[in-house]
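Here the sequence shown is numbered in my numbering, starting from 3 and rising by one per residue.
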Amino acid sequence: MGSVAAAVAYPLPDPPLADDVVRLRPWTGSDAPALAAAWADDEIRRWTAVPERPDEDHARRWIAGERIRRERGLGFDLVISPAAEGDATVLGEVGIATMAGGPDRAEAGWWVGPDHRRRGVATRAVGLVAVWCRDELGLELFAEVDPDNLPSVWVAESAGCRLRLKR
């Protein structure tokens with residue numbers, strides 16, 4: 003994802019983004035075990051930049067820093083959870099990061115845990131974020147995806163992200 007700071011902080015979606023299958027929510031400290039497990043997953047490591055040490059302490063520190071990154075306009079990350087109220091299961095993550103080229107551009111990123119893949123979770127979550135970013139924040143979303151990661155290519159295209167294939 004990008005590294006250029008935006009001029010303003012990113013707000014959290016209000017009301018929270020959800021449909022009848024997924025709900026997007028902020029990370030909490032109790033999500034650290036699920037985040038560490040996701041970082042250790044071979045498929046997530048293959049396609050996504052993750053810390054070299056995928057442990058719970060590192061996950062807790064990363065979660066604690068999410069608010070700071072959002073307030074500085076660097077981006078935001080949200081947990082993909084089931085839509086059912088009270089179900090805090092971490093299905094995956096979706097977020098955006100500011101990128102070079104202007105304050106109206108951002109790069110979307112996402113992952114889905116191994117037990118929740120191939121169920122449309124990423125398509126729904128990225129679609130919700132993409133619409134909100136375009137309609138509420140005025141952002142043009144890009145997605146940099148490895149062409150061999152066909153599920154993510156499809157997710158990016160379905161969400162209307164401008165696709166940039168990694169070479």
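The beta carbon of each residue, even a glycine, is placed where N, CA and C say it ideally should be.
Shortest alpha-carbon distance to residue i belongs to which of the options?
i: phenylalanine 78; options: Glu87, Ala85, Trp64; result: Trp64
i: serine 32; options: Gly115, Asp117, Val92; result: Val92
i: proline 153; options: Arg120, Glu87, Gly67, Arg169; result: Arg120
i: glutamate 58; options: His118, Trp29, Leu37, Glu109; result: Leu37
i: cysteine 135; options: Ala86, Asp21, Arg169, Ala108; result: Ala108
i: alanine 44; options: Thr125, Asp150, Gly115; result: Correcting the residue type first, residue 44 is aspartate in the shown sequence and not alanine. Cα-wise, what sits closest to aspartate 44 is Gly115.
In angstroms with no decimal places, state the Cα-to-Cα distance between residue i and residue j.
i: arginine 25; j: leucine 165; result: 25 Å
i: proline 35; j: phenylalanine 144; result: 29 Å
i: serine 5; j: alanine 99; result: Because serine 5 carries a pLDDT of 38, less than 50, the predicted location of this residue cannot be relied on, and no value is offered for it.
i: isoleucine 82; j: arginine 55; result: 23 Å
i: isoleucine 70; j: glutamate 159; result: 30 Å
i: lysine 168; j: aspartate 150; result: 9 Å
i: leucine 14; j: leucine 141; result: 15 Å
i: valine 147; j: threonine 125; result: 14 Å
i: methionine 3; j: glutamate 138; result: Residue placement at methionine 3 is poorly supported in this model, since its pLDDT is 42, which falls under 50; the coordinates are not used for a value here.
i: proline 105; j: glycine 97; result: 16 Å
i: glycine 88; j: valine 157; result: 27 Å
i: alanine 102; j: alanine 39; result: 31 Å
i: alanine 20; j: glycine 122; result: 14 Å
i: arginine 48; j: aspartate 16; result: 33 Å
Got a sec? Which residues, its chain only, sit under 6 Å from residue i by beta carbon, not counting five neighbours each side?
i: tryptophan 113; result: Ile46, Thr50, Gly94, Glu95
By Cβ distance below 7 Å, which residues in the same chain neighbour residue i in space, the five residues on each side in sequence not counted?
i: histidine 118; result: Leu93, Gly94
i: arginine 27; result: Pro18, Leu80, Val81, Ser83
i: aspartate 22; result: Ala85
Between residue i and residue j, how many whole angstroms is the CB-CB distance? I'm expecting something under 8 Å.
i: alanine 161; j: glycine 129; result: 5 Å
i: glutamate 73; j: tryptophan 29; result: Not confirmed; about 14 Å, so no contact.
Apart from the five residues just before and just after residue i, which ones in its own chain have a Cβ nearer than 8 Å to its Cβ?
i: proline 53; result: Trp41, His60, Trp64
i: alanine 163; result: The displayed chain sequence assigns cysteine, not alanine, to residue 163. Excluding positions up to five away in sequence, the list reads Ala110, Val128, Ala132, Leu143, Phe144, Ala145.
Check your understanding: Of all the alpha helix (DSSP H) runs that stay within the bounds of the region 46–83, which reach a length of 4 or more residues?
Key -> 58–73
Exercise for review: Write down every uninterrupted run of the alpha helix (DSSP H) in the region 80–155 whose length is 4 residues or greater and which is fully enclosed by it, in chain order.
Suggested key: 123–134
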